[in-house]
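Protein chains in written order, with the numbering used here: chain D, 26 to 505; chain L, 576 to 839.
What follows is the structure, encoded as structure tokens:
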């Protein structure tokens, strides 16, 4: 039995068979139940764990159809349009689903119908089963009004008017019902009867191309899994080639026999079709996962789907040297699959003077055009910008002439540096239009070289006595 | 029995022919050496840095970390000139916190176009070695710079030997950058210890070209030695800086202040 605090009293939320036979039901106060039967085993309700379990079951139901929607707290909606023939018909699908879920320890009631509302009602308040397309009206008639997904107050109000089943409501004219109880009632009726279309909210986007393989005997070896994925990729390559497209985002879903689902995804920077490349991507991904990719007792269903596809034209292999752009793209993909796509980055430039924003490094597959460095007027025999920039400028203690002289010496990371040569200042004013508080402080940058020859990029923050009384000094970057 | 020199020449010629028949471009098998254009240094290296090998760079002291990375990027710029391609920079997150992340504008001014730079950030030092091996096996890569934390003990003899083999197969240029010098044996072709040297001021008393005091501690093809080089970032070339010390006019009738150059 599961109890949860509802409105500051512990109430029973769920009972098992033995408790139900004793006469306890959900909604009863726990204190009353304990008074009747002192030796009760009660577990605390954990809605979070329940939600996770529901998601896990929804993952598992992916094997029937990609369109799976959650119906919290304890239901799922599957759109099996076009999928039923793969399992030998709707009735066979229904039986297979219930049978497998019961084997995993979950009691299930399933109903198949051609509208969402009807299926919901039959599953929760009816006997379940398959409703043929023309029988929706007949199936709905005997159901209680709660099967229409109405609010409890509406159901109570309708009961006061002695309208208890759907048949009663259907017999009445619609306009007075809508006026009395609101449009919600009429809308639910229309949805259940199919006069208004309703679709479920699938958890994941529908992939463009899918290929799958079932096994009578579960497989567990990594080499086997990769070989099957390569074969599935070959099937997908044929279909992709027909449409002239390549895959940008691939997802491999591995269904374990004990109900868990393993999802692997791989993204590429350029569209791919080659099965060997796809196999290599997933090999890197699996080796990167390590222990997490535990096959358990084996996989009985493997599915490879292309979630995003892009146009890929057939290229002529030319004679002579090419620019190896594809090879670099493959390297980026392999590194991205192993370490994450955000770990491989390229530079982009922005139109701003502030050094830390003038150039940023973005993930390589997002950067489309080449970055070009703007010319800076400060160039001399030494470059104007440092090779390395600290993400957070490091504060230093510096001694400098006021109001705007270069530093004579400074202390950084507890080492004192004597400045031998300094070039500057390069005044960079912050963008006043971005800072609403007006706290922008101008920076005066200096390129300094100390007595040993090491070079630093320092700046003074704030103009002396125009913006701050004691300007602070920072070290922003290192030169060669 | 022919002399071994003649045999290897025949082998090279045969490889050339086969490469031509297979339609591969020539420069994949044979790459030109990365030359410093400084006669003394090139003579010691036997014509320049070996293209299909891994080289090591380390700063002489933690203070000179910036100079060491500058030297590494300068070598990468030279390699990019001889064989254009991408420059791949691999580092751990901790390493970028130590010395800062590479700055695109600075790289472009220094000698490597920032559109051709790829930054890879990996979680552990061993991943740095894996990524370096992958990058060395990729065509279209001009240079690979891998930054290892502290003295990079993970790049030992077996690991560097593996990297050297990967580099030789594709004649790519690999650089291992350590944060501290180490006496650990490795299969690198050359090992450099870099320190910053005071540069020569320009005509107005401002900063001159960046100067490096190099100590070649390991050289497979010749002697070791010390050299002082300047990097000219306009021409992207090294120049010999035999002069030590600074040439600055002593200010006799002006107050003793560090010579500064004001912005225009």
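Even for Gly, the Cβ is constructed at its ideal location relative to N, Cα and C.
The beta carbon of residue 372 of chain D falls within 8 Å of a beta carbon belonging to chain L, placing the residue at that interface.
Inter-residue distance for residue 213 of chain D and residue 187 of chain D is about 19 Å (C-alpha atoms, whole angstroms).
For residue 754 of chain L, no Cβ of chain D is located within less than 8 Å of the residue's own Cβ. The beta carbon of residue 333 of chain D sits closer than 6 Å to those of 273, 274, all from its chain and outside the five residues before and after it, given in chain order. DSSP places residue 238 of chain D in the uninterrupted beta strand (DSSP E) bounded by 234-244.
Under the three-state reduction of DSSP output, residue 685 of chain L falls in the helix class.
Between residue 741 of chain L and residue 655 of chain L, the C-beta gap is not smaller than 8 Å, which leaves the two residues out of contact. For secondary structure counted as the beta strand (DSSP E) over 3 or more consecutive residues, the segment 424-481 of chain D holds these complete runs in sequence order: 432-437, 440-453, 468-475.
DSSP lists D:235, D:276 as the beta-bridge partner residues of residue 330 of chain D.
Against chain L, a Cβ distance below 7 Å from residue 410 of chain D picks out 678, 680, 681, 684. Residue contact with chain L for residue 136 of chain D: absent (no Cβ-Cβ distance below 8 Å to any residue of chain L). In the DSSP annotation of this structure, the continuous segment of the beta strand (DSSP E) that includes residue 748 of chain L starts and ends at 748-753. Among the residues facing chain L, residue 479 of chain D is included, as its CB has a counterpart in that chain under 8 Å away. Between residue 684 of chain L and residue 476 of chain D, the C-beta spacing is not below 8 Å.
Using a 10 angstroms sphere on the CB of residue 593 of chain L, the tally of other CB atoms stays under 16, which defines it as exposed. DSSP, reduced to helix, strand and coil, places residue 142 of chain D within a helical segment of the structure shown.
With 16 or more other Cβ atoms inside 10 Å of its own Cβ, residue 87 of chain D counts as buried. Flagged as an interface residue toward chain L: residue 413 of chain D, by a C-beta distance shorter than 8 Å. Look at residue 689 of chain L: its C-beta is under 8 Å from a C-beta on chain D. Around the beta carbon of residue 201 of chain D, fewer than 16 other beta carbons sit within 10 angstroms, so the residue counts as exposed. Note on the segment 682-726 of chain L: whole beta strand (DSSP E) runs with a minimum of 3 residues are 692-697, 716-723, in chain order. Identification of chain D residues near residue 786 of chain L by a Cβ-Cβ cut-off of 8 Å yields 478, ordered along the chain. Its Cα nearest to that of residue 160 of chain D, the residue D:143 stands out among D:148, D:143, D:481. The three-state reading of DSSP puts residue 674 of chain L in helix, counting H, G and I together. For residue 368 of chain D, the closest Cβ of chain L is nearer than 8 Å. Residue 640 of chain L is positioned such that its CB atom lies closer than 8 Å to that of residue 674 of chain L. By the C-beta density criterion, residue 669 of chain L is exposed, having fewer than 16 other C-beta atoms within 10 angstroms.
Nearest neighbour of residue 146 of chain D by Cα position, chosen from D:129, D:164, D:36, D:108, turns out to be D:164. Here the segment 466-474 of chain D lies against the segment 445-455 of chain D, with 3 or more beta-carbon pairs under 8 Å apart. Secondary structure of residue 808 of chain L (DSSP, three-state): coil.
Close partners of residue 773 of chain L in chain D (Cβ separation under 8 Å): 445, 474, 476, 477, 478. Pairing residue 258 of chain D with residue 304 of chain D gives a Cβ-Cβ distance under 8 Å. Inclusion of residue 37 of chain D and residue 47 of chain D in the CB contact set at 8 Å is not warranted, their separation being larger than that value.
In the DSSP annotation of this structure, residue 36 of chain D is not part of any alpha helix (DSSP H); the continuous beta strand (DSSP E) holding it starts and ends at 34-39.
DSSP lists D:470, D:499 as the beta-bridge partner residues of residue 484 of chain D. Around residue 638 of chain L, the beta-carbon contacts reaching into chain D at under 8 Å are 440, 477, 479.
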